[in-house]
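Reading through the structure tokens given below for one structure.
Number of protein chains: 2
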Amino acid sequence: MGTQLLNEQACYERLRDWIIDGTLQPNERLIELDLVARLGVGRATIRTVLARLEQEGLVVREPNRGARVRFVSPEEALEILEARTAIESLLARFAALRAQPDELAQMRGLLAQMRACIEQGDLVSYSALNTALHRAIADAARHRTAARLLETLGSQSVRYQYRTILAPGRPATSLAEHTAVVEAIAAHDPDAAEQAMRAHLSGVCETFRRLKSGL
Amino acid sequence: MGTQLLNEQACYERLRDWIIDGTLQPNERLIELDLVARLGVGRATIRTVLARLEQEGLVVREPNRGARVRFVSPEEALEILEARTAIESLLARFAALRAQPDELAQMRGLLAQMRACIEQGDLVSYSALNTALHRAIADAARHRTAARLLETLGSQSVRYQYRTILAPGRPATSLAEHTAVVEAIAAHDPDAAEQAMRAHLSGVCETFRRLKSGL
DNA sequence: TGCGAGAGCATTGTTAACAATTTTGTTGGC
DNA sequence: GCCAACAAAATTGTTAACAATGCTCTCGCA
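And the structure:
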């Protein structure tokens with residue numbers, strides 16, 4: 000954790016990253032003077048950054064009691080997945096309407112890499128590629144409002160993102176579902192793309208529900 | 000505009016209201032010392048509040064150039080409507096699964112009032128009831144994540160909310176669509192409820208698109 | 001007239017100190 | 001040993017002053 004001099008935006012991004020990557024753990028107290036020392040900014044800056052992160056759902060602040068990293072319960076994680084389903088289906092629809100050839104090529108490239116990961120059993124890389132593919136679809140949709148909603152949702156639930164792919168039989172199913180989504184987008188068929196994305200994420204939701212109750 | 004002493008939260012809500020109700024107009028500069036004088040808080044408080052409002056999409060801040068009320072273009076308003084369609088369809092689905100009898104009674108009551116408004120040509124009251132009904136459905140869904148997304152979307156687009164109902168023939172259509180949504184929820188049919196809500200808001204989107212191009 | 005340099009003003013950004021609050025630790029009585 | 005009352009420490013909340021930045025308007029010059 001470096002001690003460089005940062006402006007508010009950089010400080011915000013840094014802190015955000017620390018929460019997302021787990022450097023700062025859920026429920027961990029965020030003490031202003033600590034962060035001041037770690038980030039090399041004034042306390043006022045830290046305060047506005049914490050306020051922003053609260054608005055984004057990554058931090059909880061209580062008056063006179065300071066801030067902590069928000070803990071997202073499995074129940075909330077499921078809600079987030081459900082909301083993601085709604086938003087990403089919309090994005091898939093728009094991607095089918097607006098995707099450019101180079102964007103389609105990129106999606107297909109990601110799919111190919113994902114296939115290779117499955118064959119080699121490399122689920123960690125698969126998960127990263129999964130994220131990249133979803134992002135590629137969101138970008139192709141050119142729908143900033145939906146993309147923005149999705150981004151805030153995603154940052155809240157990273158902690159749970161690895162879970163579902165570990166379910167037995169899930170990797171192969173997941174790959175097939177992603178392929179269907181990309182094919183529908185490539186065919187510029189908005190209804191099919193929306194439906195395929197909905198089917199995919201509903202599958203993820205269902206898997207997550209089973210994992211959750213099985214804990 | 001009172002000059003009372005407020006804490007951060009109250010200050011945030013006050014400023015938010017001023018933006019939503021148009022007391023502060025789109026693109027209007029938000030000068031920290033002005034707000035300090037009007038709200039009776041320190042500049043630091045104003046600053047964190049502005050940061051929060053930016054994160055919420057109501058304000059735009061540029062480094063060293065201050066904050067202004069974010070102007071939502073008609074194009075963005077359409078995007079917001081599209082995103083609302085996705086979220087509210089989800090909420091309608093959950094409302095169908097989870098609505099309690101008293102909540103259903105409330106929805107029917109609102110529908111009856113809406114019908115009366117249409118008959119009397121009172122579109123202003125109709126619009127308010129419309130908002131109330133959508134909120135009642137969101138509450139019945141018990142889906143905090145989706146509700147939170149919807150709330151931020153709603154606050155950004157209030158400026159455009161009256162427009163669509165003014166289109167010729169819209170009021171009657173709108174009432175029929177709302178009735179269908181409530182009936183599906185009352186029947187505890189999630190698929191029908193989701194579909195009905197989607198149909199309703201797609202109609203709103205389509206009307207808005209026409210109004211927009213007709214400007 | 002048109003236009004760049006520079007002074008002055010308005011506003012934002014940053015820092016430090018102080019006040020208020022909560023939390024922690026300690027003492028004394030039972 | 002346990003609990004209440006109190007004191008001390010840690011932390012957050014607030015304020016004021018100062019620094020830096022961007023904007024505006026004038027002045028000098030072609």
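Protein sequences appear in the order of chains A and B. Position one of the first sequence corresponds to residue 0 (numbering that gives the first Met the number 0), numbered consecutively onward. Position one of the second sequence corresponds to residue 0 (numbering that gives the first Met the number 0), numbered consecutively onward. From the three backbone atoms N, C-alpha and C, an ideal C-beta is built for every residue, glycine too.
- When DSSP states are grouped into helix, strand and coil, residue 39 of chain A belongs to the coil group.
- For residue 51 of chain A, a Cβ of chain B is located within less than 7 Å of the residue's own Cβ.
- The DSSP-derived three-state label of residue 166 of chain A is coil.
- Chain-ordered, the chain A residues with CB closer than 7 Å to the CB of residue 54 of chain B read 51, 54 and 55.
- The beta-carbon separation of residue 102 of chain B and residue 135 of chain B, rounded to 7 Å, stays under the 8 Å limit for a contact.
- Using a Cβ-Cβ cut-off of 7 Å, residue 92 of chain A does not count as an interface residue toward chain B, since no Cβ of chain B sits closer than that to its own.
- Along the segment 163 to 197 of chain A, none of the residues has a CB nearer than 8 Å to a CB of chain B.
- Put simply, the segment 7 to 16 of chain B does not touch the segment 133 to 153 of chain B. Fewer than three CB pairs are less than 8 Å apart.
- Distance from the CA of residue 55 of chain A to the CA of residue 79 of chain B, rounded to the nearest whole angstrom, comes to 18 Å.
- Separation of the CB atoms of residue 131 of chain A and residue 109 of chain A is rounded to 6 Å, and the pair is thereby assigned contact status at 8 Å.
- Chain order gives the chain B residues near residue 46 of chain A as 43 and 47, where near means a beta carbon separation below 8 Å.
- In this structure, B/148 is the residue among B/119, B/64 and B/148 with its C-alpha nearest to the C-alpha of residue 88 of chain B.
- Of all residues in the segment 115 to 144 of chain A, those with a C-beta nearer than 9 Å to a C-beta of chain B are 142, 143 and 144, reading in chain order.
- One thing to note: residue 42 of chain B has its Cβ within 7 Å of the Cβ of residue 35 of chain B.
- A straight line joining the alpha-carbon of residue 100 of chain A with that of residue 207 of chain A spans about 34 Å.
- Counting along the chain, residue 92 of chain A sits inside the alpha helix (DSSP H) bounded by residues 73 to 97.
- Apart from sequence neighbours up to five positions away, the residues of its chain that approach residue 10 of chain B with a beta-carbon distance below 8 Å are 38, 40, 44, 45 and 48, ordered along the chain.
- Taking 4 residues as the minimum length, the alpha helix (DSSP H) runs contained wholly in the segment 107 to 162 of chain A are 122 to 140 and 143 to 156, in order along the chain.
- Scanning its chain for C-beta atoms nearer than 7 Å, with the 5 sequence neighbours on each side dropped, one finds around residue 82 of chain A the residues 152, in chain order.
- Across the set B/96, B/114 and B/200, the C-alpha of B/200 shows the shortest separation from the C-alpha of residue 86 of chain B.
- Residue 66 of chain A has A/29 and A/60 as its beta-bridge partners, per DSSP.
- The C-beta distance from residue 94 of chain B to residue 140 of chain B rounds to 4 Å, short enough to meet the 8 Å contact threshold.
- Around residue 148 of chain A, the beta-carbon contacts reaching into chain B at under 7 Å are 82 and 148.
- Among the CB atoms of chain B, none fall inside 7 Å of the CB of residue 19 of chain A.
- Within chain B, no C-beta atom comes nearer than 8 Å to that of residue 30 of chain A; the closest sits roughly 17 Å away.
- At a beta-carbon threshold of 9 Å, the residues of chain B lying near residue 88 of chain A are 85, ordered along the chain.
- Contact check for residue 29 of chain B and residue 71 of chain B: beta-carbon distance about 16 Å, past the 8 Å limit, so the pair fails to qualify.
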